[in-house]
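As structure tokens, the structure follows; a few thoughts come after it.
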DNA sequence: GCCGTTTTCGGCCCGACTGTTTTCAGTCG
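Residue numbers (my numbering): 832 to 1426.
As structure tokens, then:
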């Protein structure tokens, strides 16, 4: 059987590039220092556990929902798991000086550029060191030339195949575009899974890895198949359409690269180990390490085949994920929470949050029609919304200041309100709220007057231009909109587009504080390029008491399907139904948004 | 470098695949 993969090209509605300059030292920059320290230590062949500590610290920092600057100010850096005095000192140094002297020392002890070699798949620190020491090579172009001239195959421990592998790795790197958005990966994952599931002998097929955890971007796609026999499954997988390269080919693991550069790893597992494998390959790495440490403490061993008693090597769990967690004294943990934060402790104490689910959602409050730049007429939008099980919706077309989007003038908005009121009079069991996505102008005033906005049921405000304002001005601008008593929701608050446009420069903590005080909600825009707010901001905003709306910003019927990406983001943000406006019945929503 | 409900020293998660090796090191996830 041949696997057919349909790769959809998603149309990018906004592809303008905007750049922002921010001089404060952010978490991600400091995390990057620690990643480089780990790589440099590894090349120098130093203690592997020390290396791991720096790697872990880098990942922990990337996942933090509070800025290191604030944590440092509060004096609580050392209380973060995996960060002790040594790393805390280095964080403080980075915050104060913008650099870490230890990092600079390490860098100067090795040639400039040697770290770039580690980006080549299949080439790690040991070989990078070997190549540098024997051939004095510390850049990818030099390495490529040396490999082409056949200079690598004579190095100790290397041969002709290693040389070819490095050349292939360089070629892959040159063509790959880094990380893929959920929207790009999802159609591919679903198509391949569908084909795998109908293969003879396949009991179960699921996606694992960061895709299952719902991360906003995916490095590569991990697929798992439960089957007693792997040969025929692997054979079919290798016939997937559009394979550019086969990286690894074995009985239990095969890795391919598609023409678009996406790497897909397929693992075939015996059915009675599928739960353990699904747990293992879903990760995250940090979550798994913690879980295995927990297992060891109970005299169990955990691997991708199951949970085993160390004394007897007897397998005591593995068929289902639930069983694996249960035997370790834990409640099943939703994949979106498995980031190695405090989810294992929460699970042990039966204190995991009840996360938002699709079935909790009753309304869609951010939708466009042909009145502005939507593709659906009002009646068509209603039909699509009903078909998807929504109980009511809001129509929120753009305001006129947004010329490109066919925005409404005040007069056209009044006409639209009339049209919607008439529709509601004749509609049974389905109500449409009259709304607007009104533009926040550069000075923070709105494109419609308060008198006009007062006639609406639901008002969204959003920034659509003037992205490059400095932090103070941008924060002031958005907070002014938040403080307007007519505004219920701020749409795509940071304006970022994944892989395309950086976020607006906003003091997020001030935004959260203002939203909570003014009872203005923040949107979780579900478009896979936006996912805005992102998971970290959501976790950060929730303790302020901010409300959220989970929206698809629908312009055409397919846009409704993006909801699953927003749902995953909200779940990663640990939101419960009551945090989200879309879970309220119409009358409750009206009360909830009243100021 | 981090960490401690047996611990302030001595541990620190686990396995598949590949290539170059005759039993294992390197890389990856």
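Think of the CB as a built atom: it goes at the ideal place given N, C-alpha and C, for glycine as much as any other residue.
Going by C-alpha distance, which of the options is nearest residue i?
i            : options                   : result
residue 1377 : 1364, 890 and 1107        : 1364
residue 1356 : 1374, 1034, 1371 and 1398 : 1398
residue 867  : 1268, 1407, 889 and 1011  : 889
residue 1413 : 1044, 1380 and 1298       : 1380
residue 1192 : 1220, 1176, 1165 and 1210 : 1220
residue 1328 : 1360, 1303 and 1166       : 1360
residue 884  : 907, 905 and 911          : 911
residue 1434 : 879, 1209, 1300 and 926   : Because the chain here runs from 832 to 1426, residue 1434 falls outside it and cannot be looked at.
residue 1069 : 1276, 1084, 1108 and 941  : 1084
residue 1370 : 1331, 1189, 1173 and 1418 : 1173
residue 1324 : 1368, 1123, 1330 and 963  : 1368
residue 1066 : 1059, 1082 and 1055       : 1082
residue 1287 : 1244, 1304 and 1300       : 1244
residue 1171 : 1279, 1258, 894 and 1100  : 894
residue 1120 : 1175, 1204, 1352 and 1214 : 1175
residue 1271 : 1143, 1118 and 1322       : 1322
residue 1354 : 1331, 1400, 1341 and 1389 : 1400
residue 1350 : 1340, 935, 1375 and 1358  : 1375
residue 994  : 1006, 980 and 1005        : 980
residue 1034 : 947, 1009 and 1099        : 1099
Buried or exposed for residue i, please, with buried defined as at least 16 other CB atoms from any protein chain shown within 10 angstroms of its CB.
i            : result
residue 954  : buried
residue 1306 : buried
residue 1264 : buried
residue 1426 : exposed
residue 1416 : exposed
residue 1185 : exposed
residue 958  : buried
residue 1419 : exposed
residue 1208 : exposed
residue 1167 : buried
residue 852  : Low confidence applies to residue 852: its pLDDT is 31, below 50, so where it sits in the model is not reliable enough to give any reading.
residue 880  : exposed
residue 987  : exposed
residue 1152 : buried
residue 1147 : exposed
residue 1025 : exposed
residue 1130 : exposed
residue 1421 : exposed
residue 1044 : buried
residue 1061 : buried
residue 1242 : exposed
Quick one, are the C-beta atoms of residue i and residue j less than 8 Å apart?
i            : j            : result
residue 1032 : residue 1063 : yes
residue 1317 : residue 1362 : no
residue 997  : residue 951  : yes
residue 1150 : residue 1141 : no
residue 914  : residue 858  : no
residue 1013 : residue 1037 : no
residue 1373 : residue 1338 : no
residue 1051 : residue 1096 : yes
residue 1320 : residue 1326 : no
residue 923  : residue 903  : yes
residue 1275 : residue 1312 : yes
residue 1309 : residue 1227 : no
residue 792  : residue 1088 : No statement about residue 792 is possible, as the shown extent of the chain runs from 832 to 1426 and does not include it.
residue 1053 : residue 949  : no
residue 1255 : residue 1246 : no
residue 1135 : residue 1104 : yes
residue 918  : residue 864  : no
Please report the Cβ distance between residue i and residue j, rounded to the nearest whole angstrom; I am assuming they are in contact, meaning their Cβ atoms lie under 8 Å.
i            : j            : result
residue 1222 : residue 1240 : With 8 Å as the limit, residue 1222 and residue 1240 do not qualify as a contact, their Cβ atoms being about 31 Å apart.
residue 1237 : residue 1277 : In fact, because the Cβ distance is near 19 Å, the residues do not count as touching under 8 Å.
residue 1187 : residue 1406 : 5 Å
residue 1112 : residue 1058 : Wrong, their Cβ atoms sit about 15 Å apart, outside the cutoff.
residue 933  : residue 921  : 6 Å
residue 945  : residue 874  : 6 Å
residue 1198 : residue 1385 : 5 Å
residue 1107 : residue 1137 : 4 Å
residue 1366 : residue 1403 : 4 Å
- Message: Restricting to runs no shorter than 3 residues, where is the beta strand (DSSP E) found entirely within the region 1023-1065?
- Response: 1033-1038 and 1051-1058
- Task: Kindly provide the ranges of any alpha helix (DSSP H) runs that are 4 or more residues long and lie completely inside the region 1123-1203, ordered along the chain.
- Result: 1152-1158 and 1174-1179, all fully within the region 1123-1203.
- Hey, which unbroken runs of the alpha helix (DSSP H) at 4 residues or more fall wholly within the region 1209-1235? 1209-1218
- Task: Go through the region 1276-1355 residue by residue and report every complete run of the beta strand (DSSP E) that reaches 3 residues or more, in order.
- Result: 1289-1293
- Output the residue ranges of the alpha helix (DSSP H) runs that lie fully inside the region 864-919 and measure 4 residues or longer, sorted by chain position. 879-894 and 899-904
- Message: Please give the ranges of any alpha helix (DSSP H) in the region 958-1031, keeping only runs that are unbroken, at least 4 residues long and fully inside the region.
- Response: 971-979, 991-1006 and 1013-1028
- Item | Start-end ranges of the alpha helix (DSSP H) lying completely within the region 1356-1402, minimum 4 residues | 1366-1372
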